[in-house]
Each structure stands twice: as C-alpha cells, then as structure tokens.
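Asks: Going letter by letter, the sequence shown gives residues 6 to 58 in the numbering used here.
Note that the Cβ used here is the ideal one computed from N, Cα and C, for glycine as well.
None of these values were measured; they are calculated from a predicted model.
My questions all concern the structure below.
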Amino acid sequence: MAMWHNQQIFSDEKDRKQKLKRFINFYNTVKLHKAISGKTPYEFLEDYFNHEV
C-alpha cells in the first residue's frame, strides 16, 4: 500500500490535520481489511468485545 501522506498535498498544518483525521476515520470504519476477515478495525473490535471473535 502506498503511503497516504506521500500522495497528498497540504496547504497548511490545519489542512494536514483535517485530512489525516478523515483518513484515519476511513481506515478504521470503512476500509475492509483482509487480515481481520474482511472487517473494518472498528467492526473487529466491536465483535471482540462482544465475544464474537
């Protein structure tokens, strides 16, 4: 996977932080991960703490 921050252009520090927050949210709540059975990290943790893993 290409490094996300190397593909972005930021206008300033505020812009960088805002885009990073959006990426982290996407990565943890939308993007499916093969290593955890095609779930998002959020779904995996939710299942784990509900003893479904």
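Give a yes or no on whether the minimum CB-CB distance between Gln12 and chain C is below 8 angstroms.
Replies: The structure shown contains no chain C; it holds only a single protein chain.
Asks: Would you list the residues sitting across from Lys44 in a DSSP beta bridge?
Replies: His38
Asks: Please say whether Phe15 and Lys24 have beta carbons closer to each other than 8 angstroms?
Replies: yes
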